[in-house]
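First up is the structure itself, then whatever we jot down about it.
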């Protein structure tokens with residue numbers, strides 16, 4: 004009898020220890036006076052969600068499509084590891100919800116109980132000079148870096164097929180639905196990944212600006228995103244450098260950035 008009691012006692016001690024060990028250790032980079040500063044964040048997987056923004060199966064800008072194709076396998080590896088660690092995964096291919104009606108992932112988001120948000124959820128969060136400086140790249144015209152830019156029309160129908168949608172993921176492009184789900188599941192930490200950083204990732208009703216205003220702790224996966232920028236526009240730098248400048252802007256005004264491997268629990 005005493006042996007059994009001791010086993011139960013030590014099992015109770017081990018349970019909270021295991022919970023303490025089950026954390027994501029994120030190397031979070033932010034900007035202070037233009038200088039990169041890194042600190043470690045420790046997030047519980049169960050209180051963390053990844054939102055995949057607009058990783059569609061097509062785009063009018065073919066250069067963007069090529070970069071997305073390079074991101075997809077790395078992003079899929081990240082969400083596979085994160086999901087196994089207990090992180091919630093939300094797929095948000097805007098404008099494509101009809102493709103997922105009737106799936107448990109779509110139903111999961113629609114049936115979450117409505118919660119009144121602490122700030123209005125906008126249909127789009129535009130740049131406001133009270134909150135941030137102008138973006139460091141000019142994306143006001145047609146920011147595609149194709150040699151010849153085609154007609155700017157919709158060329159997508161759903162999320163990229165290379166990104167696996169599994170149980171118990173969610174699917175939504177609604178800021179209110181996503182907020183409802185986050186509150187229902189006790190999720191205070193959100194990592195954004197996807198495209199495009201200077202547009203949808205910042206501006207969507209589930210994007211960085213909105214989630215920050217809703218009081219969530221937000222990070223951007225800087226190696227799993229891309230910008231819409233044409234080097235033929237200001238500040239006349241390479242596309243890669245243009246994306247880096249946008250990421251630095253996010254780090255200065257909105258939230259830290261992290262690496263996908265950290266979200267996958269790959270860092271010991």
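Residue numbers (the numbering used here): 4 to 271.
All C-beta atoms, glycine included, are put in the ideal place defined by N, C-alpha and C.
- Scanning the stretch 122-189 from its first residue to its last, the whole alpha helix (DSSP H) runs of 4-plus residues come out as 178-187.
- For residue 192, the beta-bridge partners assigned by DSSP are 51 and 220.
- Our two residues, residue 243 and residue 194, have alpha carbons roughly 22 Å apart in a direct line.
- In the three-state scheme derived from DSSP, where H, G and I count as helix and E and B as strand, residue 117 is classed as coil.
- Taken in chain order, the unbroken stretches of alpha helix (DSSP H) that lie wholly in the stretch 63-111 and span 4 residues or more are 65-88.
- Counting along the chain, no beta strand (DSSP E) covers residue 207, and no H or E run does either.
- A straight line joining the alpha-carbon of residue 151 with that of residue 110 spans about 41 Å.
- With a contact defined as Cβ atoms closer than 8 Å, residue 160 and residue 102 qualify at about 7 Å.
- DSSP places residue 32 outside any alpha helix (DSSP H); the residue lies instead in the beta strand (DSSP E), whose first and last residues are 27-35.
- Counting C-beta pairs closer than 8 Å gives fewer than three between the stretch 113-133 and the stretch 221-240, which falls short of the contact rule.
- The three-state reading of DSSP puts residue 43 in strand, counting E and B together.
- Residue 149 sits away from residue 236, with the two beta carbons spaced by 7 Å or more.
- Non-local beta-carbon contacts of residue 26 in its own chain, meaning distances under 7 Å to residues more than five positions away in sequence, involve 45, 46 and 47 in chain order.
- Across the structure, residue 196 and residue 62 are spaced so that their CA atoms are roughly 17 Å apart.
- For residue 262, the three-state secondary structure derived from DSSP is coil.
- The beta carbon of residue 187 sits closer than 7 Å to those of 115 and 116, all from its chain and outside the five residues before and after it, given in chain order.
- When beta bridges are read from the DSSP output, residue 229 appears opposite 198.
- Check the Cα spacing between residue 264 and each of 77, 131 and 95: the tightest is with 77.
- Between the stretch 166-174 and the stretch 198-212 there are fewer than three inter-stretch CB-CB distances shorter than 8 Å, so the stretches are not counted as touching.
- When Cβ pairs closer than 8 Å are counted between the two stretches, the stretch 244-254 is seen to touch the stretch 28-42, the count reaching three or more.
- A check of alpha carbon separations from residue 240 across 139, 189, 218 and 176 identifies 139 as the nearest.
- Distance from residue 206 to residue 128 at the Cβ level is roughly 5 Å; contact confirmed, criterion being Cβ atoms closer than 8 Å.
- Around residue 28, the same chain offers 43, 45, 265 and 270 as residues with beta carbons nearer than 7 Å, after the five sequence neighbours per side are excluded.
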